[in-house]
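J.:
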Amino acid sequence: MSERRLPPVTQIGMTSLALIVAGGIYLSAHLPHHVPLGPAVALLAASVLLLAANLIVLTRVPDFPWGRFFDVAKWTLLAYVVIAGMIEYSFLRDHIKGGVLVVLTLSLVVFAVHVPVLVGFTVARFYEPEGPASDGLHA
Amino acid sequence: MVALVADVAISAGAVAPDSVPPASIERPDFEIVPRKGLIVVAVVAILSIAAIAANELWPLAFFHFVGGASWTIIDLFLGFVLGPIMGKLSVPARVEFTTRLMPKMVLIMPTVVTMTLAAGWQLGVHLGTVDSNYYNHGWTVASYIVVGVMAVIALGLLEPANIAVLVELKKPRPKPEVIEKLMKRFIYCAGILGLMQVATLVIMTKLTVG
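For the protein sequence lines, the chains are A and B, in the order given. The first sequence begins at 0 in numbering that gives the first Met the number 0 and counts up by one. The second sequence begins at 0 in numbering that gives the first Met the number 0 and counts up by one.
1. For a cutoff of 8 Å on Cβ pairs, would you count B:P33 as touching chain A?
2. Which of the three DSSP states, helix, strand or coil, is assigned to B:R26?
3. How about A:L43 and A:V99: are their beta carbons less than 8 Å apart?
4. In three-state terms, what does DSSP make of A:I19?
5. Can you list, in chain order, the residues of the region 106-121 of chain B whose Cβ is nearer than 7 Å to any Cβ on chain A?
6. Please list, in chain order, all residues of the same chain as B:T110 whose beta carbon is under 6 Å from its beta carbon, the five residues on each side excluded.
7. Quick one: does B:G190 have its CB under 8 Å from some CB of chain A?
8. At the level of alpha carbons, what is the spacing between A:V20 and A:P128?
9. Can you give the beta carbon distance from B:G66 to B:M114, rounded, assuming they're within the 8 Å contact cut?
10. Measure the C-alpha to C-alpha separation of B:A8 and B:S89 and round it to an integer number of angstroms.
11. Can you tell me whether A:V118 is buried or exposed, with buried defined as 16 or more other CB within 10 angstroms of its CB?
12. Spell out whether any CB of chain A is found under 8 Å from the CB atom of B:E158.
13. Whose Cβ in chain A lies nearer than 8 Å to the Cβ of B:A150?
14. Excluding the 5 residues flanking A:A72 on each side, which residues of the same chain have their C-beta closer than 6 Å to its C-beta?
15. Could you list the residues in the region 81-100 of chain A with a C-beta less than 8 Å from some C-beta on chain B, going in chain order?
16. The region 131-145 of chain B: which residues have C-beta closer than 9 Å to a C-beta of chain A, in chain order?
17. Is B:L106 near B:G36, with beta carbons less than 8 Å apart?
18. Looking only at its chain, what residues have a beta carbon closer than 6 Å to the beta carbon of B:F62, apart from the 5 residues adjacent to it on each side?
19. Chain A beta carbons: is any one of them nearer than 8 Å to that of B:L241?
20. Taking the alpha carbon of B:L192 as the point to measure from, which residue in B:M203, B:P159, B:V146, B:T139 has its own alpha carbon closest?
21. For the putative contact between B:R26 and B:L168, defined by C-beta atoms under 8 Å, what is the C-beta separation to the nearest angstrom?
22. Spatial neighbours of A:G12 within its chain, please: CB distance less than 7 Å, with the 5 preceding and 5 following residues excluded, ordered by chain position.
23. Any contact between the region 185-201 of chain B and the region 138-152 of chain B? By contact I mean 3 or more CB pairs, one from each, below 8 Å.
24. Between B:A60 and the rest of its own chain, which residues show a CB-CB distance below 7 Å, the 5 nearest in sequence each way excluded?
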């Protein structure tokens with residue numbers, strides 16, 4: 000299989016997701032009492048940095064098939080925005096507010112962006128142009 | 000569904016050392032995301048939101064129990080029954096099975112998981128089981144951790160592999176080695192998720208009986 004050498008996008012993405020999941024567990028485990036936000040903010044910041052790092056290393060891959068990436072990622076993004084919206088609604092329904100709401104909302108943003116990046120990347124990494132009818136998405 | 004004959008060149012070495020020589024594979028036509036299924040997904044999502052908004056015990060319990068049972072059974076069945084069977088199928092059989100199973104999984108799993116977790120959280124708020132003063136709080140946190148691990152594996156590995164294998168199969172000349180690699184990832188992930196679901200069963204039964 001002539002697979003190109005690519006940065007460890009999946010591994011970085013999974014680490015980033017694990018960090019926001021850990022932050023979410025930390026916050027959930029303390030509710031409804033006052034939660035010290037420091038650890039959750041640190042986990043979120045690390046997760047955001049990994050997301051940014053992932054996007055940066057991906058943009059530096061020569062000849063990366065961005066068309067294929069966005070074909071998949073845009074629909075995945077739509078699906079995960081809906082899912083994140085449902086989760087956000089339940090936070091608001093439960094009167095979560097202040098710093099906790101901000102951290103959880105930003106965590107949802109990272110989640111809703113990083114999953115489409117991972118799906119788009121996994122599809123695009125196996126893309127090899129064969130001709131006009133070869134893309135598989137528009138067949 | 001109309002059968003589409005795909006001119007798939009099977010590289011024997013890439014699939015299995017003793018597999019058949021290059022041949023054409025019959026590949027059923029399929030949609031990566033079955034559009035008709037999106038209607039069902041939308042209905043389930045709207046009903047889940049309505050259950051959360053109403054904050055009544057029965058609808059929340061219904062969505063959490065039905066979703067949770069479906070999630071657990073699908074993961075266990077896929078991880079321990081279907082996964083090993085798929086691994087032993089011939090390549091054409093696996094391709095046909097995959098094109099029929101995976102598009103449904105693209106819709107079923109995110110819907111079932113979202114419904115279970117959203118209704119489950121609200122149910123926990125309603126019953127007080129997510130309150131940190133709850134006497135079994137340690138078990139509740141254990142359930143968060145198990146779900147968290149499952150989420151990272153499912154979102155980071157399993158779902159991308161699911162979509163990628165379907166996109167590959169949509170190509171006029173899908174590469175068997177790519178499908179093989181992605182399916183291996185999918186089957187291993189399903190096995191790990193099946194094991195995690197055993198942990199979920201232990202935790203949930205413990206939380207139920209107190």
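Built from N, CA and C at the ideal position, the CB exists for glycine as well.
T.: Straight from the coordinates:
1. B:P33 does not count as touching chain A.
2. Assignment of B:R26 by DSSP, reduced to helix, strand and coil, places it in the strand class.
3. Taking 8 Å as the cut-off, the Cβ atoms of A:L43 and A:V99 do not count as close.
4. Note: A:I19 maps to helix in three-state DSSP.
5. Across the region 106-121 of chain B, CB contacts with chain A closer than 7 Å involve P109, T113, A117, W120, Q121, in sequence order along the chain.
6. Result list for B:T110: V40, V43, in chain order.
7. By the rule that beta-carbons nearer than 8 Å mark a contact, B:G190 does not touch chain A.
8. C-alpha separation (whole angstroms): 37 Å.
9. B:M114 and B:G66 do touch by the CB rule: their CB atoms are close to 4 Å apart, below 8 Å.
10. Annotation note: pLDDT 35 at B:A8 (below 50); position unreliable, coordinate value reported separately. Straight-line Cα distance between these residues: approximately 15 Å.
11. Classification of A:V118: buried, given that the 10 Å Cβ count is 16 or more.
12. So, interface residue.
13. Neighbours of B:A150 on chain A, chain order: L16, V20.
14. Within the same chain, A:A72 has close Cβ partners P115, G119.
15. For the region 81-100 of chain A, the beta-carbon criterion of a distance under 8 Å to any beta-carbon of chain B is satisfied by V81, I82, M85, I86, Y88, S89, R92, D93.
16. Taking 9 Å as the Cβ-Cβ cut-off against chain A, the residues of the region 131-145 of chain B that qualify are S131, N132, H136, T139, V140, Y143, I144.
17. One thing to note: B:L106 has its Cβ within 8 Å of the Cβ of B:G36.
18. For B:F62, where only same-chain residues beyond five positions count, the Cβ hits under 6 Å are S47, A50, M114, A118.
19. No information on residue 241 of chain B is available, as it lies outside the stretch 0 to 209 that chain B covers here.
20. It is B:V146.
21. Confirmed, about 7 Å.
22. Answer for A:G12: N53, H113, V116, L117, listed in chain order.
23. Judged by Cβ distances under 8 Å, the region 185-201 of chain B makes contact with the region 138-152 of chain B, as three or more pairs qualify.
24. Take B:A60, set aside five residues on each side of it, and the residues of its chain with a beta-carbon closer than 7 Å to its own are L122, in chain order.
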